[in-house]
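UniProt numbering puts the last residue of the sequence shown at 452; the count rises by one with no breaks. By construction, the Cβ of each residue, glycine as well, lies at the ideal position given by its N, Cα and C atoms. Computed from a prediction, not measured in an experiment: that's the story for all the values here.
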Amino acid sequence: MINRRQILQAGALGALGLGWGDLQAHLAAAEHHQSLPRKRAKACIFLFMWGGPSQLETFDLKPDAPAEVRGDFKPIATKVPGTQICEHFGRVAQWTDKLAIVRSLTHDDPAHLSSGHATLTGQLAPVVKSDADPPSSKDSPHLGSLISKLRPNDNGLPSFVAMPWKALHPAAPGGEAPGQHGGWLGSAYDGMLLGGDLNDPNWRPQGLGLPADIELGRLQSRVELMKMMDAQRVGIHKSLAASSFESHQTRALEMIGSAKVRSAFDLSQETPETRERYGRNIHGQCVLMARRLVEHGVPLVSVNWHNDGKNFWDTHGNNFNRLKNDLIPPADMALAALLQDLEERGMLDETLVAWVGEFGRKPQISQNNAGREHWPFCYNGLLAGGGIKPGIVYGASDKHAAYPVSDPVTPQDFATTILHAMGVSTTQSLLDRENRPHHVCSGRILQDLLVG
Numbered sequence: 001m002i003n004r005r006q007i008l009q010a011g012a013l014g015a016l017g018l019g020w021g022d023l024q025a026h027l028a029a030a031e032h033h034q035s036l037p038r039k040r041a042k043a044c045i046f047l048f049m050w051g052g053p054s055q056l057e058t059f060d061l062k063p064d065a066p067a068e069v070r071g072d073f074k075p076i077a078t079k080v081p082g083t084q085i086c087e088h089f090g091r092v093a094q095w096t097d098k099l100a101i102v103r104s105l106t107h108d109d110p111a112h113l114s115s116g117h118a119t120l121t122g123q124l125a126p127v128v129k130s131d132a133d134p135p136s137s138k139d140s141p142h143l144g145s146l147i148s149k150l151r152p153n154d155n156g157l158p159s160f161v162a163m164p165w166k167a168l169h170p171a172a173p174g175g176e177a178p179g180q181h182g183g184w185l186g187s188a189y190d191g192m193l194l195g196g197d198l199n200d201p202n203w204r205p206q207g208l209g210l211p212a213d214i215e216l217g218r219l220q221s222r223v224e225l226m227k228m229m230d231a232q233r234v235g236i237h238k239s240l241a242a243s244s245f246e247s248h249q250t251r252a253l254e255m256i257g258s259a260k261v262r263s264a265f266d267l268s269q270e271t272p273e274t275r276e277r278y279g280r281n282i283h284g285q286c287v288l289m290a291r292r293l294v295e296h297g298v299p300l301v302s303v304n305w306h307n308d309g310k311n312f313w314d315t316h317g318n319n320f321n322r323l324k325n326d327l328i329p330p331a332d333m334a335l336a337a338l339l340q341d342l343e344e345r346g347m348l349d350e351t352l353v354a355w356v357g358e359f360g361r362k363p364q365i366s367q368n369n370a371g372r373e374h375w376p377f378c379y380n381g382l383l384a385g386g387g388i389k390p391g392i393v394y395g396a397s398d399k400h401a402a403y404p405v406s407d408p409v410t411p412q413d414f415a416t417t418i419l420h421a422m423g424v425s426t427t428q429s430l431l432d433r434e435n436r437p438h439h440v441c442s443g444r445i446l447q448d449l450l451v452g
């Protein structure tokens with residue numbers, strides 16, 4: 001309902017020659033401004049635990065459940081009285097006063113690829129419950145692609161960086177998970193992929209090094225020449241693909257020519273102690289790079305759990321040894337180091353950290369191989385910083401961590417809350433390449449997770 005003040009505003013707008021559509025846009029903007037969180041995140045570091053971490057071995061242990069459900073791991077006390085997590089997350093346990101632990105994530109899609117799309121985009125995949133459908137132009141944009149569209153960078157750095165690869169599952173017929181690029185927004189919003197092993201002492205970001213035969217000044221001259229040529233082509237019809245290619249090419253040259261940009265990607269500027277604290281492994285160094293990038297002004301960085309050659313967090317077999325020896329230690333080190341680093345640098349209040357997989361694991365342990373199967377009906381996620389209430393547990397699961405018993409949260413809700421915390425209007429629509437409108441997100445804002 002429109003109140004008296006809004007009617008007066010309508011009259012003022014009419015006097016200025018603005019129509020009803022302008023008034024609607026004005027009121028929508030005002031409503032969005034009033035609903036924004038008090039503390040808005042300037043950046044988000046999205047840690048995607050590809051494969052599906054077990055809720056029962058991470059942040060929702062059930063020590064009173066039968067042995068075939070509870071498994072081998074024990075819960076430990078944390079910084080927050082009454083909140084327990086897995087004993088192998090000993091470092092993170094000291095930082096739970098900064099975390100919101102969501103124990104009631106739920107959906108009904110057991111497929112890696114389509115549920116990965118929902119996790120990374122906040123929207124259902126074009127084909128749900130499918131591991132056979134690869135990325136397509138019908139995908140929804142990655143959260144980073146939305147941020148690239150809505151909050152484009154003007155400092156020479158990309159708005160969206162993903163590393164160290166596009167998440168792919170060799171056992172899935174579709175291979176690469178959909179939802180990791182610009183989708184219906186177009187390839188101009190794909191973001192920058194920072195590939196390779198960042199822990200390798202010889203690692204350098206591909207595409208940011210100067211060719212051996214070109215000096216910086218000469219390269220900058222080429223950038224200016226390209227800009228001039230583009231300006232001369234104004235008015236000449238160009239295909240969408242050609243325009244997108246030229247945009248990428250110009251942006252790449254500008255990045256190569258910027259010492260500031262190259263510095264942002266230079267891990268050698270970190271102290272050896274800091275690099276050790278994050279973990280001298282590919283995941284730890286990716287998370288450290290994510291902190292460097294948001295510190296330099298990149299608004300969204302997505303760290304996908306890397307290709308470890310062992311099916312990632314998809315622990316159908318040897319679940320407990322894989323978690324104890326290979327998966328939890330680097331995840332624990334990196335997340336704890338990130339929270340400490342952001343806190344010490346005064347960045348945690350303005351940086352949103354998300355830690356989540358595409359689903360959880362079945363409560364019943366597979367007796368023949370000590371594994372757990374896919375289980376989307378109940379799993380965990382973490383949020384911290386950037387306007388998120390610290391030191392809380394949101395939602396609860398039943399006695400076997402099989403289903404939520406309070407405050408169920410969908411992947412759409414999780415993503416919508418992230419966008420809202422970053423100051424994005426979650427009720428708006430964007431046009432695709434064919435000028436068709438799409439809602440930015442389809443979930444609800446979890447207000448109880450937000451400060452203020």
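**Request:** Quick one: residues in its chain with C-beta nearer than 7 Å to the C-beta of N307, no 5 flanking neighbours on either side, listed in chain order?
**Result:** As a first step, residue 307 must be located in the sequence shown, where it is residue number 307. Hits under 7 Å: W165.
**Item:** Inter-residue spacing [alpha-carbon to alpha-carbon] between S140 and H117
**Value:** Against the sequence shown, residue 140 aligns to sequence position 140. Against the sequence shown, residue 117 aligns to sequence position 117. Going by the C-alpha atoms only, they are around 8 Å apart.
**Prompt:** So, is Q447 buried or exposed, given that buried needs 16 or more other C-beta atoms within 10 angstroms?
**Reply:** Residue numbering aside, residue 447 sits at position 447 when the sequence shown is read from its first letter. Result: exposed.
**Item:** Helix, strand or coil at L198 [DSSP, three-state]
**Value:** As a first step, residue 198 must be located in the sequence shown, where it is residue number 198. Residue state, collapsed to three classes: coil.
**Asked** For N281, does the three-state DSSP call read helix, strand or coil?
**Response** Translated into the one-based positions of the sequence shown, residue 281 becomes position 281. Note: N281 maps to coil in three-state DSSP.
**Request:** Output the boundary residues of the beta strand (DSSP E) element that contains R103.
**Result:** Indexing the sequence shown from 1 puts residue 103 at position 103. Note, R103: beta strand (DSSP E), L99 to L105.
**Message:** Once the 5 residues before and after N318 are set aside, which same chain residues still bring their CB inside 8 Å of it?
**Reply:** Here the question's residue 318 lines up with position 318 in the sequence shown. The residues are N369, A370 and G371.
**Request:** Name the residue from M192, W95, A111 and C44 whose alpha carbon lies nearest to the alpha carbon of G174.
**Result:** What you label residue 174 is simply residue 174 of the sequence shown in a count that begins at 1. Measuring from the Cα of G174, the nearest candidate turns out to be A111.
**Asked** Which residue from V294, A337 and H316 puts its Cα closest to that of I365?
**Response** Taking the sequence shown and counting its residues from 1, one reaches residue 365 at position 365. For the residues V294, A337 and H316, the minimum Cα distance to I365 belongs to H316.
**Message:** So within the segment 26 to 95, which uninterrupted alpha helix (DSSP H) runs reach at least 4 residues, ignoring any that extend past its ends?
**Reply:** The segment 26 to 95 contains these whole alpha helix (DSSP H) runs: 67 to 70.
**Message:** Less than 9 Å between the beta carbons of G381 and V356, yes or no?
**Reply:** Walking along the sequence shown from the start, residue 381 turns up at place 381. Walking along the sequence shown from the start, residue 356 turns up at place 356. Yes.
**Prompt:** Can you list, in chain order, the residues of its chain whose CB lies under 7 Å from that of D97, leaving out five sequence neighbours each side?
**Reply:** Sequence index remark: in the sequence shown, residue 97 carries index 97 (1-based). Excluding residues within five positions, the ones whose Cβ falls inside 7 Å are K79, V80, P390 and G391.
**Item:** Cβ pair count under 8 Å reaching 3, the segment 82 to 90 against the segment 323 to 337
**Value:** With a cut-off of 8 Å on Cβ pairs, the segment 82 to 90 is in contact with the segment 323 to 337, counting three or more such pairs.
**Message:** For S104 and D407, which I take to be in contact (beta-carbon distance under 8 Å), what is that distance rounded to the nearest angstrom?
**Reply:** Locating residue 104 in the sequence shown gives position 104, counting from the first residue. Locating residue 407 in the sequence shown gives position 407, counting from the first residue. 5 Å between Cβ atoms; contact.
**Message:** Just to confirm before moving on: does the CB-CB distance between F59 and I85 stay below 9 Å?
**Reply:** Along the sequence shown, one-based indexing puts residue 59 at 59. Along the sequence shown, one-based indexing puts residue 85 at 85. Cβ distance < 9 Å, so F59 and I85 count as in contact.
**Prompt:** Which residues share a DSSP beta bridge with W375?
**Reply:** One-based indexing of the sequence shown puts residue 375 at position 375. In the DSSP output, where bridge partners are listed per residue, W375 has G360.
**Request:** Keeping to the same chain, check which residues put their C-beta closer than 7 Å to that of R277; ignore five residues upstream and five downstream.
**Result:** Taking the sequence shown and counting its residues from 1, one reaches residue 277 at position 277. Excluding positions up to five away in sequence, the list reads A337.
**Prompt:** What are the residues that DSSP puts in a beta bridge with F160?
**Reply:** In the sequence shown, residue 160 corresponds to position 160, counting from 1. Paired residue(s): L300.
**Message:** Whole angstroms are fine: how far does the CA of C441 sit from the CA of A242?
**Reply:** Here residue 242 is taken as the residue at index 242 of the sequence shown, counted from 1. Here residue 441 is taken as the residue at index 441 of the sequence shown, counted from 1. In this predicted model, A242 has a pLDDT of only 48, less than 50, meaning its place in the structure is not dependable enough to derive any value.
**Item:** Exposure label - K260; buried when at least 16 CB within 10 Å
**Value:** Position 260 of the sequence shown, counted from the start, is the residue given in the question as residue 260. Sixteen is the threshold: since fewer than 16 other Cβ atoms of the shown chains lie within 10 Å of the Cβ of K260, the residue is exposed.
**Item:** Neighbour flag for I45 against chain D, beta carbons, 9 Å
**Value:** Absent from the structure: chain D. Only one protein chain is present.
**Item:** S397 - DSSP class collapsed to helix/strand/coil
**Value:** For the purposes of this step, residue 397 is identified with residue 397 of the sequence shown, where counting begins at 1. DSSP places S397 in strand when its eight states are reduced to three.
**Request:** Give me the Cα-Cα distance between Y403 and V294, rounded to the nearest whole angstrom.
**Result:** In the sequence shown, the residue the question calls residue 403 occupies position 403. In the sequence shown, the residue the question calls residue 294 occupies position 294. Going from the Cα of Y403 to the Cα of V294 covers about 36 Å.
**Asked** Hey, how far is the Cα of T416 from the Cα of G423?
**Response** Mapped onto the sequence shown, residue 416 falls at position 416. Mapped onto the sequence shown, residue 423 falls at position 423. Approximately 11 Å between the Cα atoms of the pair.
**Spatial distance of R361 from A171 (CA atoms)** = Residue numbering aside, residue 361 sits at position 361 when the sequence shown is read from its first letter. Residue numbering aside, residue 171 sits at position 171 when the sequence shown is read from its first letter. Straight-line Cα distance between these residues: approximately 17 Å.
**Request:** Give the secondary structure of L445 by DSSP, where H, G and I count as helix, E and B as strand, and everything else as coil.
**Result:** Stepping through the sequence shown from its first residue, residue 445 is reached at position 445. The sequence shown places Ile at residue 445, not Leu. If DSSP states are grouped into helix, strand and coil, I445 belongs with coil.
**Asked** Are the segment 178 to 195 and the segment 152 to 161 touching, with three or more C-beta to C-beta distances below 8 Å?
**Response** These segments touch.
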